Every structure is written in C-alpha cells, then in structure tokens.
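Accompanying notes for the structure given below.
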Amino acid sequence: MPRGWSGAFDAPLPRSAYERPTRTVARALLGAFLVRREPTGDRVARIVETEAYVANDPASHAFRGPTERNRSMFSRPGTLYVYRIHQVHCANAVTRPGQAVLLRAAEPVVGRFPAPPRGPGRLCRAFDLARADDGLDLVTSDRLRIVPGPAPEETIVLAPRIGIRLAAERPLRFALSGNLWVSTPLPWPRVRRGAPAPGKEIGS
DNA sequence: AGCAAGATTAGCT
DNA sequence: GCTAATCTTGCTC
2 MPRGWSGAFD APLPRSAYER PTRTVARALL GAFLVRREPT GDRVARIVET EAYVANDPAS
62 HAFRGPTERN RSMFSRPGTL YVYRIHQVHC ANAVTRPGQA VLLRAAEPVV GRFPAPPRGP
122 GRLCRAFDLA RADDGLDLVT SDRLRIVPGP APEETIVLAP RIGIRLAAER PLRFALSGNL
182 WVSTPLPWPR VRRGAPAPGK EIGS
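Quick note: the first sequence, position 34, residue 35 per this note's numbering, numbers continuous.
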C-alpha cells in the first residue's frame, strides 16, 4: 500500500477487475469511486456513466493498431489512457489490449471540484487530468485510483455511445438510470420513429 | 509537409 | 439546434 492511502477510499480495484471483457468492466465501474489524493485532501466521485471501446471497434482509437497517441491502450489492464479532443481531455481505463472504458460522468462525493464531473471533458477538468497523466497505473498510483463502491441501487441502462460517427448504433454506453449526473438525459433524446425504445434496462 | 476530422463543450439562435 | 473554438493525430501526397 503506497504511503498516504490510509483513509476511507484505500483499496484500489485490483488489476484482475480490469482484465475482463470491456463491457463487463464498463458496467462494473458504475458505482465505483474515482479517487484523487492530494496533500490538500481527497477528491472522490462516484462513476455513473461509462462507454466501452472494444476490439474491432471502428469508433475506437485502437482500431488501426498502436500509434503514439493510443499506446497506453496497449499497456497493462488498469492503465489510464488520456487523450485530447478539441480543447479538452478524456480519460479511459484500459481493460484488455487495445480496449478501454471511457469515463463519461461521475457524481461528486468528497472534496471540491474545479468543474462538475458531468461529461468526459469536464470529468477530466474536475480531476485535473491531462495528457501528462496518460499511462498512469490506476492499480498502483499514489495519486489516482478507482475504488470499489456499493452495488448501485439505480437500474443500469444501456444506450448508444455519444459523439461518434462510426459504429454509432452499438449500445456500448452504460449509465445509472435517473442519475442527474449522467451527461446526457436518458432516454436517448434523438430517436427515429419506429426505432426500438432507447435506454433499455439490462438489469437491476 | 499539408490537411481533414475528431470518444467535446459553451454559448448563442 | 447549431456552430465556433482550437490543436493534435494520423493519413495522404
């Protein structure tokens, strides 16, 4: 146990928790705590929305293999992958090689945040995550980790991912139903007439 | 070397 | 709902 981690949000999610099918991890991270430890105090938020970027996924940065930008996606499970898009950053937890879970939104629990962690860009601002944090190990880091939380009482819903063009219809976005910190309201706001109802419940 | 597109967000109509 | 901001990545020439 690294020095400094002796408070309430100690025990990090073990590497084995990341070394599972990406969809399983995306769902399992709901209700877990993202924890940043600073000399000034902890910042803790409960993860309420994720997206899975899986193998052979045209929307994934890893689709065309390793590059300089995405090399963290091919690092160990539990590695943090941070990239820049437009003028913001987005953070992912790496699962299996070339796959990751995008952290889209979290609910503040402890500490003050520079921005509300609602939406992937704001979540990074809330935790001061930038490209310099790319490659950090969420299992062993002194600064940042994910800690298991109680099973969510909210229903978990599955919906298409946000902001992508390729494979846009695949339901790989996971969220806690009704949670106000989810970045986009569910059910899905743009629905084709005759299309299946979005926000389908997949479990309780 | 140049360039089009992007896992976003804030602000305006 | 729409668009600009803003800049990096990675593909193409």
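Glycine residues also receive a C-beta, built at the ideal position from the N, C-alpha and C atoms. Values in this document were obtained by computation on a predicted structure and should not be read as measured data.
Item: Those residues which DSSP pairs with Tyr54 across a bridge; Value: Ala101
Item: Nonlocal neighbours in the same chain, by C-beta distance under 7 Å from Glu108, ignoring five residues either side; Value: Ala46, Arg47, Val49, Asn180 and Trp182
Item: Alpha carbon of Glu20 to alpha carbon of Ile86, nearest angstrom; Value: 26 Å
Item: Thr96 versus Val102: straight-line alpha-carbon distance, rounded; Value: 7 Å
Item: Per DSSP, the bridge partner or partners of Pro109; Value: Ala46
Item: Residue interval of the beta strand (DSSP E) (run including Val176); Value: Per the sequence shown, the amino acid found at residue 176 is Ala instead of Val. Per DSSP, Ala176 belongs to the beta strand (DSSP E) from Arg174 to Leu177.
Item: Spatially closest choice to Ile157 from Arg28, Pro13, Pro67 and Ser17, by CA coordinates; Value: Arg28
Item: Cβ pair Leu124, Arg144 closer than 8 Å; Value: no
Item: Buried or exposed by the 16-neighbour rule on C-beta atoms within 10 Å, applied to Glu170; Value: exposed
Item: DSSP beta-bridge partners of His62; Value: Note: His62 sits in no beta bridge, so no partner.
Item: Reduced DSSP category for Phe34 - H, G, I as helix; E, B as strand; rest coil; Value: strand
Item: Start-end ranges of the beta strand (DSSP E) lying completely within the region 142-177, minimum 3 residues; Value: 145-148, 157-160 and 174-177
Item: Strand pairing of Pro81, partner residues [DSSP]; Value: Checking the sequence, you will find Leu at residue 81 rather than Pro. In the DSSP output, where bridge partners are listed per residue, Leu81 has Ala94.
Item: Counterpart residues of Arg119 in DSSP-defined beta bridges; Value: Ala106
Item: 8 Å contact criterion, which Ala152 and Gly32 should meet: CB distance rounded; Value: 6 Å
Item: Trp6, DSSP secondary structure in three states; Value: coil
Item: Alpha helix (DSSP H) segment containing Arg16, residue limits; Value: Arg16 to Tyr19
Item: Sheet register partners of Asp138 (DSSP bridge); Value: Thr80
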